[in-house]
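Novice: For the sequence shown, the working numbering begins at 783 and goes up steadily by one. Glycine included, C-beta positions come from ideal geometry on N, C-alpha and C. Please see the structure below; I have some questions.
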Amino acid sequence: MTFRKTFVAVAAVAALAFAAAGAAFAQSAEQKALVDRAKAEGTVGEQADGFLGFRVASTDAGLQTAVRITNDGRRAAYARAAADTGVSVDVAAARAFETIVQPRISSGQWWRNAQGQWVRR
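And the structure:
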């Protein structure tokens, strides 16, 4: 399979998996709200590896749990996408970030690029 076909296949499967990931893990509405608020405040941001990360250290146990649960759900979705397309989980996760997550980062929010630098949109 060519790189382009692989990229399109991974993006399509990752998009479906990512969209359905909410049903695949037990993130509550409260946990989603915590993550959304932390993203708006700049404590948490999206990362080029497809997962959430802490831009600023937090001792909030509820937020730490919410980020872990979100990342666990994403990891499972990326693993399904990788298995369906024959690529690594890392590739599926990075492609999902590029095609799904990064375009949805709101103005003023932070994200971590592949070089490890936090960038504000």
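What are the uninterrupted segments assigned as alpha helix (DSSP H) that are 4 or more residues long and contained completely in the segment 855-897, given in chain order?
Specialist: 871-878
Novice: Pick out whichever of Phe-879, Asp-842, Trp-900 has its Cα sitting closest to the Cα of Arg-819.
Specialist: Closest by C-alpha distance to Arg-819, out of Phe-879, Asp-842, Trp-900, is Asp-842.
Novice: Using CA atoms only, rank isn't needed, just tell me which of Gln-809, Ser-810, Leu-845 is closest to Thr-826.
Specialist: It is Val, not Thr, that sits at residue 826 in the sequence shown. For Val-826, the nearest C-alpha among the options comes from Leu-845.
Novice: Return the first residue and the last residue of the alpha helix (DSSP H) that Gln-813 is part of.
Specialist: Note, Gln-813: alpha helix (DSSP H), 811-823.
Novice: Smallest Cα separation from Ala-874: which of Arg-857, Gln-899, Asn-895?
Specialist: The shortest C-alpha separation from Ala-874 is found at Arg-857.
Novice: Under the three-state reduction of DSSP, which class applies to Gly-804: helix, strand or coil?
Specialist: Note that Gly-804 scores 46 on pLDDT, short of 50, meaning its location in the model is unreliable; the coordinates nonetheless yield the value given after this. Annotated three-state conformation of Gly-804 is helix, per DSSP.
Novice: Could you work out which residue in Arg-894, Ser-889, Glu-823 is closest to Glu-880 when comparing CA atoms only?
Specialist: Arg-894
Novice: Alpha carbon to alpha carbon, how far is Pro-885 from Gln-942? Give it in angstroms, no decimals.
Specialist: Residue 942 falls outside the range modelled here, since the chain spans only 783 to 903, and no answer is possible.
Novice: Might you give, ordered along the chain, the residues of its own chain that have their beta carbon closer than 6 Å to the beta carbon of Val-871, omitting 5 neighbours on each side?
Specialist: Tyr-860, Ala-861, Ala-864
Novice: Indicate the three-state DSSP secondary structure (helix, strand or coil) for Ala-832 in the structure shown.
Specialist: Per the sequence shown, residue 832 should be read as Gly rather than Ala. Three-state DSSP puts Gly-832 in coil, outside helix and strand.
Novice: So, is Glu-812 buried or exposed, given that buried needs 16 or more other C-beta atoms within 10 angstroms?
Specialist: exposed
Novice: Going along the chain, which residues of its own chain have a beta-carbon closer than 6 Å to the beta-carbon of Arg-822, five neighbours each way excluded?
Specialist: What sits at residue 822 in the sequence shown is Ala, not Arg. Taken in chain order, the list of residues that qualify is empty.
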